[in-house]
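Worksheet for the structure shown next.
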Ligand code: ZN
């Protein structure tokens, strides 16, 4: 049997199963790393898994030749900063482990068993409290020295939008201007409590569309999958498509924007299924 772990800023999901089937799963709150390691170990202890795919919130060290491979790096979650996640987990669990980001894991799930079926390339983005992206090309995760940081590219601010960025590092990055908390900051209301036609959704959709044009120019995937809390709001993906078509001009052609920019086919399971896909790669 295969194992899968999806670690997010607020919750951790552990599961066992096969690429196309989740047999059992359990959810934990994200706390401090050692307590969470204990819970993860307890979950897998009596379940017979040989390989585990792990998708971890970033930034993380994914370079196998690095001294800090498997570490969590400069995350705003201070208890997790510089924590040797993979090393600690391996002390307690005897299984092969594939370690990557949560978005790469979800991208792999969608690529193999969701919106990417029959396609050679797929870009997955999550747009929630954080914004991140992962690109799969020919079945492989695309990365250089480390994983991409697609949430932190600069986007041009719209006139009159003077909200303070939600990113501690960049005044005008996509995450700082378009994540869930930025919506709250502009309106003093949570996104889910706002009318779907509130103009803030048009604004963040435009920022997201600007970023999607940049990604398209650089990567030109066959499909872009958008997940995360902001995308779950009614009407947001339609607004993003509308701005995308308008802003892209005629420089490149997209035949059908509705099938180019899509929601995850595996709904909330892209990450867990992706973990199984990654685990299965270690079995071969
Ligand atoms: Zn940033």
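In the numbering used here, the protein residues as written are 4 to 287.
Glycine included, each C-beta is placed from N, C-alpha and C at the ideal position.
Asked	Found
Residue range of the unbroken beta strand (DSSP E) whose run includes residue 24	24-32
Distance cut-off 8 Å: residue 168 Cβ against heavy atoms of the ligand ZN	yes
Residue 277 vs residue 109 beta-carbon contact at 9 Å	yes
Where residue 257 sits in the DSSP three-state scheme	coil
Any non-hydrogen atom of the ligand ZN closer than 8 Å to residue 60 Cβ	no
Buried versus exposed, by CB contacts within 10 Å (16 or more), residue 79	exposed
Inter-residue spacing [alpha-carbon to alpha-carbon] between residue 14 and residue 31	6 Å
Helix, strand or coil at residue 71 according to DSSP, with G and I counted as helix	coil
C-beta contact flag for residue 2 and residue 247 at 9 Å	Here the chain covers residues 4 to 287 and nothing more, so residue 2 does not appear.
Reference residue 46, options 8, 65, 115 and 69, closest by Cα	8
Close Cβ partners of residue 50 (< 6 Å) along its chain, the five nearest in sequence each way excluded	19
Contained alpha helix (DSSP H) runs [length at least 4] in the segment 42-100, N- to C-terminal order	88-95
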